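S.K.: One structure, as structure tokens, below. Some questions next.
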């Protein structure tokens, strides 16, 4: 009898050999199953609406709508779907647009198999996986144009304020600007120890493992733009 608890995964990539390799890896896992393949952005959107998968592994550069455009369309219709952008390009602009499109992860195609499979499982559990050499810089760049106005708190999703205090929101905002703990201490006029305590509580409350994942949440919530 088939295991109905398997993660259902759609593959979207314009290179057949890439899809074949990914399908082999996924179907070899006891907890995963490939339920469809798409070779461009439009078919990725249509197939996802039809299959309702848990996860979509999405290439970025594809014909007939890019992976980023397909991601925006899919999440506009199926916001519960988790999308991992899987690409050869470790490009800041793509990472930023991926975050803003709502992708749950951004991994490179040269990622080793274990990290890819772990990433799929983490994303299925609600984690954000942005692990590339330039991910941290990209997250900082995503909000760099707000740096001159860091004292003014932009509008943000009220749900985030239900979890964090005003001071924690301020600290999270500064984290998103790429500021180090010492800089946050100076800007907010609080001790370095207090900054560390706030960051620890932020990570605990948001149930994330590191600063990068916390910043992803901040960007999506509209705390920074």
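In my numbering, the protein residues as written are 583 to 807. Cβ coordinates follow ideal geometry from the N, Cα and C atoms, glycine included. In this text the structure is predicted, and so the values were computed from the model without any measurement.
1) Rounding to the nearest angstrom, what Cα-Cα distance links residue 751 and residue 655 in this structure?
2) Checking 7 Å against the spacing of the C-beta atoms, do residue 664 and residue 686 come in under that value?
3) Under the rule that 16 or more other beta-carbon atoms within 10 Å means buried, what is residue 593, buried or exposed?
4) With 16 as the cutoff for other CB atoms within 10 Å, does residue 756 come out buried or exposed?
5) Identify, in the order they occur along the chain, each residue of the same chain with its Cβ nearer than 6 Å to the Cβ of residue 790, setting aside the five sequence neighbours on each side.
6) Would you call the stretch 673–683 and the stretch 694–709 touching, i.e. three or more CB-CB distances under 8 Å?
7) Where does residue 625 land, buried or exposed, given buried means 16+ other C-beta within 10 angstroms?
8) Below 8 Å on the Cβ atoms is my contact criterion, and I expect residue 619 with residue 601 to pass it. Report the Cβ-Cβ distance as a whole number of Å.
9) In this structure, what does DSSP give as the bridge partners for residue 633?
10) Residue 587 to residue 793, Cα distance in whole Å?
11) Just to confirm, is the Cβ distance from residue 798 to residue 710 under 7 Å?
12) Note down the Cα distance separating residue 657 from residue 627, rounded to an integer number of angstroms.
13) With H, G and I counted as helix, E and B as strand and the rest as coil, what does DSSP make of residue 658?
14) Count the other CB atoms, across all protein chains shown, that sit within 10 Å of the CB of residue 670; report buried if there are 16 or more and exposed otherwise.
15) Enumerate in chain order the residues of its own chain whose CB-to-CB distance from residue 691 is below 8 Å, with the five nearest sequence positions on each side excluded.
16) What residue does the beta strand (DSSP E) around residue 688 start on, and which one ends it?
17) Would you decide whether residue 788 is buried or exposed? Buried here means 16 or more other CB atoms lie within 10 Å of its CB.
18) Assuming contact is defined by CB atoms lying nearer than 7 Å, are residue 684 and residue 647 in contact in what I supplied?
M.R.: For this structure:
1) As the crow flies, the alpha-carbon of residue 751 is around 30 Å from that of residue 655.
2) It is a contact, given that the beta carbons lie within the stated cut-off.
3) Using a 10 angstroms sphere on the CB of residue 593, the tally of other CB atoms reaches 16 or more, which defines it as buried.
4) In summary, residue 756 is buried, with 16 or more beta-carbon neighbours lying within 10 Å of its beta-carbon over all protein chains present.
5) The answer, listed in chain order, is 796.
6) Judged by pairs of C-beta atoms under 8 Å, the stretch 673–683 does not touch the stretch 694–709, as fewer than three such pairs exist.
7) So residue 625 counts as buried.
8) Beta-carbon to beta-carbon, residue 619 and residue 601 are separated by about 5 Å, close enough to satisfy the 8 Å threshold.
9) Residue 633 is not bridged to any residue.
10) Those two C-alpha atoms are separated by around 31 Å.
11) Between residue 798 and residue 710, the CB-CB gap stays under 7 Å.
12) When rounded, the distance between both Cα atoms is 10 Å.
13) In the three-state DSSP reduction, residue 658 falls in the helix class (H, G or I).
14) Counting Cβ neighbours within 10 Å, residue 670 comes out exposed, since fewer than 16 surround it.
15) The beta carbon of residue 691 sits closer than 8 Å to the beta carbons of 600, 668, 669 and 670 from its chain, once the five residues preceding and following it are set aside; these are given in chain order.
16) Note, residue 688: beta strand (DSSP E), 687–690.
17) Residue 788 counts as buried, since at least 16 other C-beta atoms from the protein chains shown sit within 10 angstroms of its C-beta.
18) Note that the C-beta distance between residue 684 and residue 647 is not below 7 Å.
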